[in-house]
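One structure is given below, encoded as structure tokens.
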Amino acid sequence: MNPVRGLHHVTAISGPAQENLDFYAGVLGMRLVKKSVNQDDPGTYHLFYADAEGNPGTDLTFFPWAQMAPSRDGHGLSSEVSLAVPPGSLGFWSGRLQSVGVEIGAPEVRFGEHVLAFKDTHGLKIALVESHSSLGRAFQPWEDSPIPVEHQIRGLESARLVEASLPITASFLEQALGFRLLGTEGEWHRYGIAEGQSGQYVDVRALPGARRGAWGTGSIHHLAWRVDDDAHQAALRGTVQNSGAHPTPVIDRFWFKSVYFKEPGGVLFELATDGPGFAVDEDPAHLGETLVLPPWLEADRAAIEATVPKLTKPSFI
Ligand code: ZN
């Protein structure tokens, strides 16, 4: 089997869109590379934050569903997303976050790497990881970011999964997607692809007595895994199905093609192709500045623009 390549994007649920933009572009200094709408709920934005070019694996996206209740912790959810920062930069980040009133956790070391954990404006758990292997990743710094290039977020590092059963989810990760156990530390079990470098692993723990978690503002909606192309996606869709999950047909998301399924513990996964990418319909110098719609929603543009809230440029703090 030809495994997934690593994280393609992570999508989460936020509160009001402007507050989300102010935090991710203004505080964390990620670039808004695409301002679009949820294709299944076009009255809601879909905001994509990434490096300057929107390289696959750098992309954290949000559905601002401000009317939702806060998420409920429990099993069957991805409970935290981690973002890679260069080694030696957590001192900068802890100062910056505290200067804007973000409550930060005590410094941690996870599997030998320094980690700073905190929550975003709407309760999403984020961890910044001083990731040595992130230095070799495809990354384009964003020159207009408020963050100096040497401290900028370099992409998605990983995510945590909380499950009712470790063996059931672990065997699915191994058999359907090509992961292997890389190590265990405390209650966390690290599963990765290849050498499990930055963007190529998840940490899983079992909480068998917990209740089922539920989506809400501040929760991760799904984890998307990179596949090379249509053929790779079709092959993995087959192994997912043979492993007992129920994948959707291929859905054309315009910037990539997607297949969705829940892993047996209940976390929503996606297989997303690397291409064609975010520059297919916008000048790379002006990504994210205007509302971009896939061609099949263009006819509804006026109604959509009247529904979604106006966004203003975040003030860089
Ligand atoms: Zn997705």
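Heads up: the sequence shown begins at 13 in my numbering, then just goes up one per residue.
All C-beta atoms in this analysis are idealised placements derived from N, C-alpha and C, irrespective of residue type, glycine included.
Keep in mind it's a predicted model, so treat the numbers as computed, not measured.
Pick from the options that is closest to residue i, judged by C-alpha positions
i	options	result
serine 146	Gly208, Ser106, Phe328, Phe191	Gly208
alanine 218	Arg192, His87, Glu162, Lys325	His87
glycine 278	Val214, Ile180, Gly204, Arg265	Ile180
leucine 280	Ile138, Thr302, Glu175	Glu175
alanine 62	Lys269, Gly230, Pro259, His20	His20
glutamate 197	Val121, Pro296, Tyr272	Val121
proline 220	Arg172, Pro119, Leu178	Leu178
valine 227	His134, Pro261, Pro259	Checking the sequence shown, residue 227 turns out to be tryptophan, not valine. Looking at the Cα atoms, His134 is the closest of the given residues.
For residue i, three-class secondary structure by DSSP
i	result
arginine 149	coil
valine 320	coil
threonine 229	strand
histidine 258	coil
threonine 56	strand
glutamate 162	helix
glutamate 301	coil
arginine 108	helix
serine 183	helix
glutamate 31	helix
phenylalanine 130	strand
alanine 284	strand
phenylalanine 290	helix
valine 271	strand
alanine 330	The structure shown does not extend to residue 330, since the chain spans only 13 to 329, so no value can be given for it.
Cβ separation of residue i and residue j, assumed to be a contact under 8 Å, to the nearest whole Å
i	j	result
phenylalanine 130	valine 114	5 Å
glutamate 282	histidine 234	5 Å
alanine 24	valine 93	7 Å
valine 39	leucine 299	Their Cβ separation, rounded to whole angstroms, is 20 Å, which puts valine 39 and leucine 299 out of contact at 8 Å.
glycine 289	glutamine 164	Not confirmed; about 20 Å, so no contact.
threonine 285	aspartate 241	6 Å
glutamate 65	glutamine 152	4 Å
serine 48	valine 304	5 Å
Contact with chain B by residue i, beta-carbon distance below 9 Å
i	result
glycine 250	Absent from the structure: chain B. Only one protein chain is present.
Strictly closer than 7 Å from CB to any heavy atom of the ligand ZN: give me those residues in the order they appear in the chain.
His21, Thr23, Thr73, His234, Ala236, Ser270, Glu282, Ala284
Quick one: any contact between the stretch 44 to 59 and the stretch 156 to 165, if contact means 3 or more CB pairs under 8 Å?
no
Taking 8 Å as the threshold, find out whether the stretch 245 to 263 comes into contact with the stretch 307 to 326 through three or more Cβ pairs.
no
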